[in-house]
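Below is one structure; the comments refer to it alone.
In full-length UniProt numbering, the protein residues as written are 1 to 749.
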């Protein structure tokens with residue numbers, strides 16, 4: 001694997017500072033046997049130095065005996081790991097796992113493991129220079145209880161000389177290939193004995209893990225955008241849309257290796273492969289070949305001698321296998337739908353939800369004006385040397401799904417990604433990921449390459465005539481010239497799904513015009529649209545106290561201020577959408593229009609209300625929503641826009657300690673909860689824990705009636721003196737983010 005070429009800071013993972021996420025895959029029997037001769041001498045030396053661990057037995061595996069297989073990883077396609085990690089479709093019996101999820105391994109030792117005297121930990125390494133600080137060298141200690149967001153291992157079963165470990169991986173782990181090492185220390189000598197298999201463990205992104213940036217909650221969408229290995233690509237014209245089947249083939253033999261090879265050949269160091277934004281941006285560059293010898297050579301000449309015509313390909317498998325087999329020589333030839341199909345294959349293979357998307361009447365903006373410009377001379381003859389912008393009959397790119405922690409809230413979800421080499425981005429032929437939400441609203445200042453994609457789907461076509469003095473005057477514009485019938489394969493069927501509404505508002509609606517004019521102000525021609533005569537009206541959203549509470553109507557205050565001495569009129573378009581805490585919008589739950597008439601220097605206050613019935617069945621974890629307001633002042637054409645994130649507050653669990661807190665002496669705590677919703681909560685469970693107080697314990701409460709209060713008393717015996725915290729959390733599908741804490745000062749005996 002290529003070494004690190006740039007620095008990516010590690011995160012605090014597990015019990016070791018700087019250890020960041022990673023995962024691995026393991027050796028098969030024959031490969032272990034082939035290495036045994038070379039390692040035999042080393043093994044015999046270890047036997048002399050530490051006979052307690054290295055004693056040979058004919059009936060059991062020795063941890064140092066590479067002639068046998070001391071590590072069993074449940075790695076068959078139908079085994080526990082592959083099924084639980086949704087990797088059973090990949091060819092072969094290697095260990096292929098997804099980050100942020102536990103996996104199981106078994107160790108066969110030469111004698112029973114004694115946790116009081118024997119020490120054992122695992123190490124995972126990826127890249128040519130693994131480092132703990134960069135998350136490419138993972139140290140996994142044994143613990144009594146596994147916790148989320150940590151690299152840890154726990155003994156879950158021990159029988160004779162065999163122990164079974166459950167290993168927890170971090171949801172931000174570096175993806176790719178790892179080497180697994182088992183480190184053992186025995187009591188007679190502090191000698192580290194390693195088992196280093198010759199075959200790798202493979203770690204992938206995990207759309208099933210809520211803490212992974214690529215998490216997708218809809219099961220049917222995951223089946224389509226991650227697990228489906230066949231798709232449909234659309235082409236032709238907006239009045240004659242054609243469709244063809246494309247074989248993505250991401251699970252076939254050799255495809256995982258080929259896709260990982262593309263990643264390894266890229267500029268991204270191993271330490272940067274845990275960032276989904278980083279990975280898709282690099283893949284966008286690696287699928288084309290102009291500046292990095294990527295997978296496909298583009299050809300639009302009509303002459304395909306020496307290669308395959310782009311229309312002849314029917315899938316990605318041959319292309320990626322050929323690229324891998326020939327050591328990274330670009331495959332000839334591709335055009336936009338081929339680039340897109342191969343990109344879908346690679347990203348789905350790596351675990352990132354992805355789909356191919358076709359835009360009909362697709363603009364190509366060459367000068368970042370965010371308009372499609374047509375130039376004429378004084379006699380209305382086209383100026384060909386200036387007419388570099390174009391509109392394609394169709395263009396195919398990709399959408400990939402992820403949160404965008406690098407952008408403001410609300411910008412997660414589908415991201416546009418384009419591997420066809422059209423324009424360079426930061427010096428390389430690539431495009432995206434660009435937030436589709438940002439594209440739709442004209443917020444083209446958000447990275448990456450949002451202006452280019454915006455122009456493809458929603459630029460106006462502007463006609464210019466040269467004046468006698470060499471300047472140009474705008475003579476005509478077409479507002480509906482580009483971005484029609486944006487299409488992708490429907491979830492669960494071969495039907496075409498029109499997703500134009502995700503990329504742009506309804507043509508010529510006020511919201512769409514606001515988006516276009518907002519975007520244009522960040523282009524090379526910010527004055528192409530009439531600028532407002534004044535900016536004397538402002539709008540803001542205010543929240544009282546701690547904000548709206550769960551189970552009640554949500555109420556916010558909208559304040560519109562007129563700073564001018566003249567009357568002002570506008571219509572505010574309000575839209576509120578449910579939002580994941582990662583910033584991904586789930587869906588709109590209410591839209592309204594609010595007419596506003598302002599007297600000179602008036603400050604108008606309006607109450608905005610979201611009824612409980614509108615959101616009760618729509619919320620996701622964290623109960624977050626985003627309110628978007630936009631409008632235009634009639635007299636000045638000033639654009640008004642603001643977004644406000646808010647959360648519906650949930651009740652706390654009230655915890656009251658009872659009795660004296662003394663080490664070794666039983667005490668109690670009373671936990672009280674009131675259901676805030678006007679309907680019954682079903683299957684309520686409390687999880688109570690406290691370091692030095694008690695281990696995690698689940699208390700099944702059952703159903704809790706509407707506005708009912710439940711109280712339970714938890715008994716426990718403190719084990720450590722000093723200030724402690726007893727923490728309780730409610731686990732219920734209908735109500736999340738309910739918890740409480742009590743400070744307890746434990747005295748020594």
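In this text, a Cβ means the ideal position worked out from N, Cα and C, and glycines have one as well.
For residue i and residue j, what's the separation of their Cα atoms in angstroms?
i           : j           : result
residue 69  : residue 107 : Bear in mind that the predicted position of residue 69 carries a pLDDT of just 44, short of 50, making it too unreliable to give a figure here.
residue 747 : residue 621 : 38 angstroms
residue 136 : residue 349 : 21 angstroms
residue 416 : residue 602 : 43 angstroms
residue 799 : residue 250 : Since the first and last residues shown for the chain are 1 and 749, residue 799 lies out of range.
residue 183 : residue 97  : 21 angstroms
residue 434 : residue 397 : 12 angstroms
residue 174 : residue 273 : 5 angstroms
residue 407 : residue 386 : 35 angstroms
residue 191 : residue 123 : Low confidence applies here, because residue 191 scores a pLDDT of 45, under 50, leaving its location unreliable and the question unanswered by this model.
residue 440 : residue 455 : 11 angstroms
residue 338 : residue 330 : 13 angstroms
residue 724 : residue 83  : 40 angstroms
residue 233 : residue 90  : 23 angstroms
residue 376 : residue 388 : 13 angstroms
residue 651 : residue 551 : 10 angstroms
residue 730 : residue 211 : 19 angstroms
residue 502 : residue 741 : 42 angstroms
residue 596 : residue 564 : 15 angstroms
residue 661 : residue 744 : 7 angstroms
residue 735 : residue 687 : 14 angstroms
residue 466 : residue 378 : 5 angstroms
residue 308 : residue 267 : 27 angstroms
residue 301 : residue 420 : 15 angstroms
residue 639 : residue 476 : 23 angstroms
Assuming residue i is part of the alpha helix (DSSP H), what are its boundary residues?
i           : result
residue 454 : 450 to 458
residue 259 : 255 to 265
residue 318 : 317 to 325
residue 437 : 436 to 441
residue 83  : 80 to 84
residue 515 : 510 to 520
Answer with buried or exposed for residue i, where buried requires no fewer than 16 other C-beta atoms within 10 angstroms of its C-beta.
i           : result
residue 504 : buried
residue 252 : buried
residue 690 : buried
residue 592 : exposed
residue 436 : buried
residue 678 : exposed
residue 312 : exposed
residue 461 : buried
residue 235 : buried
residue 632 : buried
Below 7 angstroms CB to CB, which residues in the same chain sit around residue i once its five sequence neighbours on both sides are set aside?
i           : result
residue 715 : 666 and 668
residue 529 : 517 and 520
residue 722 : 746
For the beta strand (DSSP E) holding residue i, just list the boundary residues, first then last.
i           : result
residue 699 : 694 to 704
residue 501 : Here residue 501 belongs to no beta strand (DSSP E); instead the alpha helix (DSSP H) covers 500 to 503.
residue 626 : 624 to 632
residue 594 : 585 to 598
residue 178 : 176 to 185
Within its chain, find whatever has a CB closer than 8 angstroms to the CB of residue i; leave out the 5 residues flanking it on each side and keep chain order.
i           : result
residue 163 : 106, 107, 109, 113, 155 and 157
residue 614 : 589 and 590
residue 498 : 485, 486 and 487
residue 738 : 650, 651, 652, 653, 673, 729, 730 and 732
Apart from the five residues on each side of it in sequence, which residues of its chain come closer than 6 angstroms, Cβ to Cβ, to residue i?
i           : result
residue 222 : 207 and 216
residue 717 : 666
residue 334 : 296, 298 and 310
residue 15  : Note that residue 15 scores 28 on pLDDT, short of 50, meaning its location in the model is unreliable; the coordinates nonetheless yield the value given after this. Excluding positions up to five away in sequence, the list reads 141.
residue 265 : 328
residue 130 : 136 and 137
residue 323 : 295 and 331
On the DSSP bridge assignment, give the partners of residue i in chain order.
i           : result
residue 667 : 716
residue 298 : 334
residue 655 : 671
residue 383 : Answer is none; residue 383 lacks a bridge partner.
residue 731 : 685
residue 251 : Answer by DSSP bridge pairing: none, since residue 251 is not bridged.
residue 497 : 488
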